[in-house]
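**Student:** A single structure is presented below for examination.
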Amino acid sequence: MNILVTGGAGYIGTTLVPLLLDEGHHVTVLDTLRFGIGPILPWFRQPRFSFARVDIRDRPALAAHAREAEAFVHLAAMVGYPACARAPAEAQTINVEGSGNVAAVAGRDRPVLLASTGSCYGDVGGAVCTEDTPLRPLSLYGQTKAQAETLILSQCNAVVYRMATVYGVSPRLRLDLLVNDFVYRALHEHRLTVYEGHHRRSFLHVHDVARAMLLALDHFAEMSGRVLNVGDEIQNCTKLDVCRVIQQVVPGVTVEAAATGRDLDRRDYAVSYARIKALGFHSTVSLADGVRELAQVVPWIERREQFSNVSP
-17 MNILVTGGAG YIGTTLVPLL LDEGHHVTVL DTLRFGIGPI LPWFRQPRFS
33 FARVDIRDRP ALAAHAREAE AFVHLAAMVG YPACARAPAE AQTINVEGSG
83 NVAAVAGRDR PVLLASTGSC YGDVGGAVCT EDTPLRPLSL YGQTKAQAET
133 LILSQCNAVV YRMATVYGVS PRLRLDLLVN DFVYRALHEH RLTVYEGHHR
183 RSFLHVHDVA RAMLLALDHF AEMSGRVLNV GDEIQNCTKL DVCRVIQQVV
233 PGVTVEAAAT GRDLDRRDYA VSYARIKALG FHSTVSLADG VRELAQVVPW
283 IERREQFSNV SP
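Residue numbering for the sequence shown is -17 to 294, as defined by my numbering.
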């Protein structure tokens, strides 16, 4: 297929696109290159790869580069409540208006896979989240992603993926994600100061996220119109559980409770992945393996404030 990937130069996109090319697809990446062109340079020698520097808020430019697309993977977004809180107007225009442009350009005749987030659930009182759990997003990030879901599902032949918290090494590495951040701090500070350590979260390696997206593209007809949580129950765990895994990999790391700190998305729940498991999906990279991988790479990465515009 000819597949258009918005935000394809980001954290998930730079893991997904090589897999699409390996499967023989033609891939067009649209991205603003907020984090540079470096991670996508190897693909330019591929005859089935093309790139255009396009902001999804520019509907005419988006439409011009989407004419040949047979399917869309919509990753472009401002991600996480800290980034969205710093630039609320931009978060609204990228996550909502940009998604509306993707929906309008794609229409109902071409498949659209939207990367969404478990942050749409908000505070569920400790319940186990299924795809039927009512959405009560608390942060601007969760609210804009929930609006993007509505736009895409109402206007397109779409599948929506509500993803677990992603971690692991990618060509466009992010250090603001919980596991990646904790590994960085463990290696550089030898101490983890954790707030709300007993809150439950759900995690998934970025390679498994990309695998799940291949699954949707390969089985779109049977998944169309559905929302699916993307993850694996085996990686439902608390933040302190993550710390213990890191301590097994990085010797000498101490863990202490933070005096302050609060997750504005109020994520404290396990997630059911029965729907995607029924389609044959399961994780292949364990949290421990992901931490070991990060521990080899993170010492060589210069830390900077991460301000992501690509879905996690």
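Beta carbons: idealized from backbone N, C-alpha and C, even for Gly.
Bear in mind the structure is a predicted one, so any value in this text is a computation, not a measurement.
Return the Cβ separation of serine 136 and aspartate 190 in integer angstroms, given the expectation that the two are a contact with Cβ distance under 8 Å.
**Tutor:** Not quite, the Cβ-Cβ distance comes to about 29 Å (not below 8 Å), so this is no contact.
**Student:** Let me make sure I understand the geometry here. Which of Glu52, Val9, Asp214 has the alpha-carbon closest to that of leucine 269?
**Tutor:** Out of Glu52, Val9, Asp214, Asp214 has the C-alpha closest to the C-alpha of leucine 269.
**Student:** Three or more C-beta pairs closer than 8 Å, one from the segment 118 to 128 and one from the segment 10 to 29: is that the case here?
**Tutor:** Counting Cβ pairs under 8 Å, fewer than three are found: no touch.
**Student:** Taking 8 Å as the threshold, find out whether the segment 143 to 154 comes into contact with the segment 80 to 87 through three or more Cβ pairs.
**Tutor:** No, the segment 143 to 154 is not in contact with the segment 80 to 87.
**Student:** What number of angstroms, rounded off, separates the C-alpha of alanine 43 from the C-alpha of valine 87?
**Tutor:** Using only the alpha carbons, I get a separation of about 10 Å.
**Student:** Helix, strand or coil, according to DSSP, for cysteine 102 in the structure here?
**Tutor:** In this structure, cysteine 102 counts as helix in the three-state DSSP scheme.
**Student:** Tell me where the alpha helix (DSSP H) around serine 184 begins and ends.
**Tutor:** That residue, serine 184, is in no alpha helix (DSSP H); its beta strand (DSSP E) goes 182 to 187.
**Student:** Could you tell me whether the segment 42 to 61 touches the segment -11 to -2, where touching means 3 or more Cβ pairs closer than 8 Å?
**Tutor:** The segment 42 to 61 vs the segment -11 to -2: in contact.
**Student:** How far does the beta strand (DSSP E) with arginine 35 in it reach, from first residue to last?
**Tutor:** First-last of the beta strand (DSSP E) with arginine 35: 31 to 35.
**Student:** Helix, strand or coil: how does DSSP classify tyrosine 255 here?
**Tutor:** DSSP places tyrosine 255 in coil when its eight states are reduced to three.
**Student:** If leucine 174 and valine 231 are in contact, beta carbons under 8 Å, what's the gap, nearest whole angstrom?
**Tutor:** Their Cβ separation, rounded to whole angstroms, is 12 Å, which puts leucine 174 and valine 231 out of contact at 8 Å.
**Student:** Report the rounded CA-to-CA distance for cysteine 66 versus alanine 73, giving the unit in angstroms.
**Tutor:** Whole-angstrom Cα-Cα distance: 5 Å.
**Student:** Which same chain residues, not among the five before or five after isoleucine -15, have their C-beta less than 8 Å away from its C-beta?
**Tutor:** Leu2, His7, His8, Val9, Thr10, Ala51, Glu52, Ala53, Phe54, Val55, Leu199.
**Student:** Could you spell out the range, first to last residue, of the alpha helix (DSSP H) harbouring phenylalanine 164?
**Tutor:** Start and end: 160 to 171.
**Student:** Quick one: what's got a C-beta closer than 8 Å to histidine 181's C-beta in the same chain, skipping five residues either side?
**Tutor:** Thr220, Lys221, Asp245, Arg249, Asp250.
**Student:** Tell me whether glutamine 28 is buried or exposed, calling it buried when 16 or more other Cβ atoms sit within 10 Å of its Cβ.
**Tutor:** Looking at its Cβ environment, which holds fewer than 16 other Cβ atoms inside 10 Å, glutamine 28 is exposed.
**Student:** Can you have a look at histidine 187 and say buried or exposed, based on whether 16 or more other CB atoms are within 10 angstroms of its CB?
**Tutor:** Counting Cβ neighbours within 10 Å, histidine 187 comes out buried, since at least 16 surround it.
**Student:** Threshold first: 4 residues or longer. Then list the alpha helix (DSSP H) segments lying entirely within the segment 17 to 98, N to C.
**Tutor:** Qualifying alpha helix (DSSP H) stretches, in chain order: 41 to 47, 63 to 68, 70 to 74, 81 to 88.
**Student:** Tell me which same chain residues have a C-beta within less than 6 Å of the C-beta of phenylalanine 289, skipping the five on either side of it?
**Tutor:** Unreliable positioning characterises phenylalanine 289 in this predicted model, as indicated by a pLDDT of 41, which lies under 50. A coordinate reading is not provided.
**Student:** Considering Cα atoms alone, identify which of Ala241, Arg257, Met195 is closest to proline 93.
**Tutor:** Nearest option by C-alpha distance: Met195.
**Student:** For arginine 30, which residues in the same chain have their Cβ closer than 8 Å to its Cβ, ignoring the five residues on either side in sequence?
**Tutor:** Closer than 8 Å at Cβ, skipping near neighbours: Leu3, Gly6, His7, His8, Val9.
**Student:** Starting from isoleucine -15, trace the beta strand (DSSP E) both ways and give me its first and last residue.
**Tutor:** First-last of the beta strand (DSSP E) with isoleucine -15: -16 to -12.
**Student:** May I ask which residues mark the beginning and end of the beta strand (DSSP E) holding leucine 15?
**Tutor:** Looking at the DSSP string, leucine 15 is not in any beta strand (DSSP E), and its letter there is neither H nor E.
**Student:** Pick out the complete alpha helix (DSSP H) segments inside the segment 193 to 219, 4 residues or longer, and give them in chain order.
**Tutor:** Those alpha helix (DSSP H) runs which fall completely within the segment 193 to 219 and span 4+ residues are 202 to 205.
**Student:** Round the Cβ separation of glutamate 275 and valine 151 to the nearest angstrom and send it over; I've been treating them as touching at under 8 Å.
**Tutor:** With 8 Å as the limit, glutamate 275 and valine 151 qualify as a contact, their Cβ atoms being about 5 Å apart.
**Student:** When DSSP labels each residue in this structure, what does leucine 3 get in the three-state scheme?
**Tutor:** DSSP places leucine 3 in helix when its eight states are reduced to three.
**Student:** Between the C-alpha atoms of glutamate 287 and phenylalanine 17, what's the straight-line distance to the nearest angstrom?
**Tutor:** Note on glutamate 287: pLDDT 45, under 50, position unreliable in the model; no value is reported.
**Student:** From the DSSP output, read off the bridge partner residues of cysteine 111.
**Tutor:** According to DSSP, cysteine 111 bridges with Val253.
**Student:** If you reduce the DSSP assignment to three classes, tell me which class alanine 241 lands in.
**Tutor:** Coil, per DSSP.
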